[in-house]
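According to mature numbering (1 follows the signal peptide of the UniProt record, and there is no 0), the residues represented by the sequence shown are -24 to -1, 1 to 629, in order. Cβ coordinates follow ideal geometry from the N, Cα and C atoms, glycine included. Written below as structure tokens is the structure these notes are about.
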Amino acid sequence: MAVRTGFVAVAAATLLTLPSLAHAAEGPVSPDTGPVRGGETVTVTGPQGVTFETLHTGGFHTMATGSDGNMYAWGFNSAGQLGTGDTVNRLSPAPVIAPEGVTFTDLEPGGFHTLALGDDGNVYAWGENDRGQLGTGDLANVPMPQQVRIPGDPRIVQISGGEYDSLALADDGTAYGWGYNRSGQTGTGAAETVVLSPQPVLAPDSVKFTSISAATHHSLALTADGAAYAWGSNGQGTLGDGTTTNSRVPVAVILPGGVTFTEVDAGGHHSLGLGNNGQAYAWGSSGYGQLGTGSTDPSLVPIPVSLPAGVRLTDIEANSFVDETEPAERESASAGGYHSLALGEDGTTWAWGGNQNGQIGNGTVENALTPVRVHAPDGVTFTSLGTGLFHSTALGDDGKAYAWGYNVFGQLGTGDDVDAHEPTEVLTAPTVTEIAFDGTAGSDLLAAASSTWTVVTPEHAAGPVDVTVSWSQFGVEQQAVVHAGGYTYVEPTITGPADTTAEEGSEVSFVATTAGSPAPAVTWEVSHDGGTTWVPAGEAWEVTVAGNSSTLTATATKDLDGVLVRATATDTFGQTAVSDEAVLTVTAKDGGGPAGPNPPDPGTKPPTTTPGPSGKLPTTGDGSAAIAAAVAAGSIALGAGALWLRRLAKRRA
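Encoded structure:
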């Protein structure tokens, strides 16, 4: 049997086309077509889920605001500081339970407590309260967010959590402080060691603050004109006023000549300021190199951080906590934790100071006396930074959160408790729990690369179906994603061929048209015994393919009269469809009916039609020959009759 491709002019046939696999990769399901029997592996794009818009770093825990407006927390949870309603540590982000009807707009973790600012202008606090840092009027821990009552009910615009104290800033520029006050770090002027509820910070007359920063033993504030103030412990010059005298009320920081500050950040025993010239300045203790000056000597006033030439900064972060006089569990890392971070205008990230747990992020555990580059992931630029006691965090311009350093409590959010010496991605990716096709779950669900999942399709009838992706994130079931008509089950179909009548010696054609995606292949069979057995079309037949039509062609000969023809379509999935059978009728050249045996020899005398005395038909020539001719004529008549009955039955069917 010969096979060729091309266009053949035959009786009109409808060409059907279904979506091809070449288009599948553009959609959320790829490939987006498959066999009705199922069993095909497809790749489905997972939901994007919640991304983090801000990060906030506490002593041993980390908080984040999500793109869904909710808050998330992970790490140490000894006193309920995560706000999850329990005291279970979390190795990856978990939702914070906010009061009903309140949306948190800002989060500020302290050492072992957390502050939040609500969209109602109120302050909320939870976690450890052994030094009054929650401002609730007592020393009882609170595992869930609870409103802090501030005198006069001002509208609060900023909050800051120290290790054991807290600050809040009202929209009128008044600051409030509460909690641990041994060194006067609340700024309220109170002599008490613990201030149980918020009290106004005693700023100099007419001074209004625009930002605040609380640490372990001291606090900082900034004014609209770029002046800085400090209060609390001043043992190594952390207040920056040129002395080592503690102050229970704000005192002015001595700024470098011609410089104003655009940002200040209080560290464990040091302070940072960002100048309007893009230069970082530091003062206070430098035992671990946290001033970044190349020396371990302290400074009583702000001095420039030794940045590489040409580097201008846009953000600074000082580790605000120290690890001293704490329970043994919290002393599992060596004392210190003093480090600083900064963002450069060119997208670079810099770090210096203590590095015993890799919190600098340069792949080592060696302290750095001057700024070194943080090893950000390839192609990622950090947009914001945070410092914990021994760990650091950052948001990337890729929309992902990163963390590095100490991780014994899961504060890196990486799903384990292993330290990281370079930035490591926080686990925020959604988890797909089921992919269903028209309500029937697929099997062998596996996570693949680039937020995609693979699944094996179930059996289903032909046609398009919805693909439903069920998923969770941070342990919470989310609303399913539905890809309407996302997958189409296909099976090959075939129409034709039709019964055909042809004159002996002419060309005869049968046409079968297929539909399916991918397009099925067609094979032809013939039967010479009325459909009892079928064999492939032989050399007498030629197949021509044009589009999704297949044409079977042969020269009509009398031995093909009554032959049956059928076609089988087989797609690449191994599915088949068999056509109806068609019959070929071959007529004599004069059109006088089906081709039959040769006519009698003209020299033979035709038989008479007049019966003899016996009533039998007369014979011609030899008697035995006449009998044979009669038998042959009868057989032909019977065969023709049977064929006629089969055709009649087929037409009626």
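| Coil, strand or helix - residue 272 by DSSP | Indexing the sequence shown from 1 puts residue 272 at position 296. Coil.
| Is the distance from the Cβ of residue 232 to the Cβ of residue 281 below 9 Å? | Translated into positions along the sequence shown, residue 232 becomes position 256. Translated into positions along the sequence shown, residue 281 becomes position 305. Cβ atoms of residue 232 and residue 281: not closer than 9 Å.
| query | Below 8 Å, can you find three or more Cβ-Cβ pairs linking the segment 49 to 58 to the segment 427 to 434? | reply | no
| request: Could you tell me whether the segment 406 to 423 touches the segment 386 to 398, using the rule of 3 or more Cβ pairs below 8 Å? | output: With a cut-off of 8 Å, the segment 386 to 398 and the segment 406 to 423 do not count as touching, because too few Cβ pairs lie within range.
| Straight-line gap, residue -5 to residue 516 (C-alpha atoms, nearest Å) | For the purposes of this step, residue -5 is taken as the residue at position 20 of the sequence shown. For the purposes of this step, residue 516 is taken as the residue at position 540 of the sequence shown. Caution applies to residue -5, whose pLDDT of 30 falls short of 50 and renders its modelled position unreliable; the value that the coordinates give is listed next. So the alpha carbons of these two residues sit roughly 35 Å apart.
| Are the segment 475 to 485 and the segment 496 to 515 touching, with three or more C-beta to C-beta distances below 8 Å? | Using a Cβ-Cβ distance cut-off of 8 Å, the segment 475 to 485 and the segment 496 to 515 are not in contact, since fewer than three pairs of beta carbons, one from each stretch, lie closer than that value.
| task | Quickly, what does DSSP pair residue 75 with across the bridge? List them, please. | result | Start at 1 with the first residue of the sequence shown, and residue 75 comes out as number 99. Answer is none; residue 75 lacks a bridge partner.
| Same chain, Cβ closer than 6 Å to residue 645, five either side skipped, listed in chain order | Here the chain has residues from -24 to 629 only, and residue 645 is not among them.
| field | Own chain residues within Cβ distance below 7 Å of residue 578, not counting five before or after | value | To locate residue 578, count along the sequence shown from 1; it is residue 602. Low per-residue confidence applies at residue 578: pLDDT is 43, beneath 50, and the placement is therefore not dependable enough to give any value.
| message | By alpha-carbon positions, which one of 529, 541 and 523 ends up nearest to residue 503? | response | Here residue 503 corresponds to residue number 527 of the sequence shown, with the count starting at 1. Looking at the Cα atoms, 541 is the closest of the given residues.
| request: Kindly provide the ranges of any beta strand (DSSP E) runs that are 3 or more residues long and lie completely inside the segment 62 to 139, ordered along the chain. | output: 66 to 71, 80 to 85, 89 to 94, 99 to 103, 118 to 124 and 132 to 137
| If residue 379 and residue 400 are in contact, beta carbons under 8 Å, what's the gap, nearest whole angstrom? | Here residue 379 refers to the residue found at position 403 when the sequence shown is read from its first residue. Here residue 400 refers to the residue found at position 424 when the sequence shown is read from its first residue. That belief holds up - the Cβ atoms of residue 379 and residue 400 are roughly 6 Å apart, short of 8 Å.
| Skipping 5 residues on each side, what residues in its chain have a beta carbon closer than 8 Å to that of residue 120? | Here the question's residue 120 lines up with position 144 in the sequence shown. Counting only Cβ-Cβ distances below 8 Å, and skipping sequence neighbours, we find 56, 59, 61, 73 and 102.
| field | residue 227 versus residue 21 - alpha carbon distance | value | Along the sequence shown, read from residue 1 onward, the residue named residue 227 stands at position 251. Along the sequence shown, read from residue 1 onward, the residue named residue 21 stands at position 45. Their Cα atoms are separated by approximately 57 Å.
| query | Tell me the DSSP bridge mates of residue 195? | reply | Against the sequence shown, residue 195 aligns to sequence position 219. DSSP lists 190 and 207 as partners of residue 195.
| If you follow the beta strand (DSSP E) that residue 314 is part of, which residue opens it and which one closes it? | Taking the first residue of the sequence shown as position 1, residue 314 is located at position 338. Run containing residue 314: none; DSSP gives neither H nor E here.
| task | Could you give the DSSP three-state label for residue 261: helix, strand or coil? | result | Translated into positions along the sequence shown, residue 261 becomes position 285. Three-state result, residue 261: coil.
| message | Is the beta carbon of residue 343 closer than 9 Å to that of residue 330? | response | The count along the sequence shown starts at 1 and reaches residue 330 at position 354. The count along the sequence shown starts at 1 and reaches residue 343 at position 367. It is a contact, given that the beta carbons lie within the stated cut-off.
| query | Going straight from the alpha carbon of residue 556 to that of residue 550, what length do you get? | reply | In the sequence shown, the residue the question calls residue 556 occupies position 580. In the sequence shown, the residue the question calls residue 550 occupies position 574. The alpha-carbon atoms of residue 556 and residue 550 are separated by roughly 20 Å.
| query | Can you name, in chain order, every residue of its own chain whose Cβ lies under 8 Å from the Cβ of residue 252, other than the five neighbours on each side? | reply | Counting from one through the sequence shown, the residue named residue 252 turns up at place 276. Excluding positions up to five away in sequence, the list reads 202, 235, 236, 237 and 238.
| Classification of residue 167 by the beta-carbon crowding that lies within 10 angstroms, buried from 16 upward | Against the sequence shown, residue 167 aligns to sequence position 191. Result: exposed.
| query | CA-CA distance, residue 200 and residue 213? | reply | In the sequence shown, residue 200 corresponds to position 224, counting from 1. In the sequence shown, residue 213 corresponds to position 237, counting from 1. Near 24 Å, if we compare the C-alpha coordinates of residue 213 and residue 200.
| query | Using CA coordinates, which residue listed in 501, 136, 381 and 225 is at the minimum distance from residue 559? | reply | Walking along the sequence shown from the start, residue 559 turns up at place 583. Selected option, being the one with the closest Cα: 501.
| field | Candidates 534, 469 and 561, of which the one nearest residue 646 by Cα | value | Since the first and last residues shown for the chain are -24 and 629, residue 646 lies out of range.
| field | residue 420, DSSP secondary structure in three states | value | What you label residue 420 is simply residue 444 of the sequence shown in a count that begins at 1. Correct three-state label for residue 420: strand.
| Shortest alpha-carbon distance to residue 24 belongs to which of 427, 438 and 334? | Residue 24 sits at position 48 when you count from the first residue of the sequence shown. When C-alpha distances from residue 24 are compared across 427, 438 and 334, the shortest belongs to 427.
| Where does residue 536 fall in DSSP's three states? | Along the sequence shown, read from residue 1 onward, the residue named residue 536 stands at position 560. Residue 536 falls in the helix class under three-state DSSP.
| message | Which residue wins for smallest C-alpha separation from residue 275, given the options 419, 553 and 263? | response | Numbered from 1 along the sequence shown, position 299 holds the residue referred to as residue 275. Nearest C-alpha to residue 275: 263.
| task | Have a look at residue 537 and residue 528 and give me their C-alpha separation to the nearest angstrom. | result | As a position in the sequence shown, residue 537 is number 561, starting the count at 1. As a position in the sequence shown, residue 528 is number 552, starting the count at 1. When rounded, the distance between both Cα atoms is 16 Å.
| message | According to DSSP, simplified to helix, strand and coil, what is residue 500? | response | Here residue 500 refers to the residue found at position 524 when the sequence shown is read from its first residue. Residue 500 falls in the strand class under three-state DSSP.
| residue 258 and residue 138: beta carbons closer than 9 Å? | Position 282 of the sequence shown, counted from the first residue, corresponds to residue 258. Position 162 of the sequence shown, counted from the first residue, corresponds to residue 138. Not closer than 9 Å, so no.
| request: Please check the pair residue 320 and residue 288, which I expect to be a contact at CB under 8 Å, by giving their CB distance rounded to whole angstroms. | output: Taking the sequence shown and counting its residues from 1, the one referred to as residue 320 is at position 344. Taking the sequence shown and counting its residues from 1, the one referred to as residue 288 is at position 312. So it is a contact: roughly 7 Å between Cβ atoms.
| Are the CB atoms of residue 247 and residue 206 nearer to each other than 9 Å? | Here residue 247 is taken as the residue at index 271 of the sequence shown, counted from 1. Here residue 206 is taken as the residue at index 230 of the sequence shown, counted from 1. Taking 9 Å as the Cβ cut-off, residue 247 and residue 206 qualify as a contacting pair.
| Closest residue to residue 44 among 36, 29 and 37 (Cα-Cα distance) | Counting from 1 along the sequence shown, the entry for residue 44 is found at position 68. Among 36, 29 and 37, the Cα nearest to that of residue 44 belongs to 29.
| task | Compare the C-alpha of residue 544 against each of 467, 533 and 565 and name the closest. | result | In the sequence shown, counting from the first residue as 1, residue 544 sits at position 568. With distances taken between Cα atoms, residue 544 lies closest to 467.
| task | Report yes if the CB atom of residue 208 is closer than 9 Å to the CB atom of residue 187, and no otherwise. | result | Along the sequence shown, read from residue 1 onward, the residue named residue 208 stands at position 232. Along the sequence shown, read from residue 1 onward, the residue named residue 187 stands at position 211. No, these two residues do not count as a Cβ contact at 9 Å.
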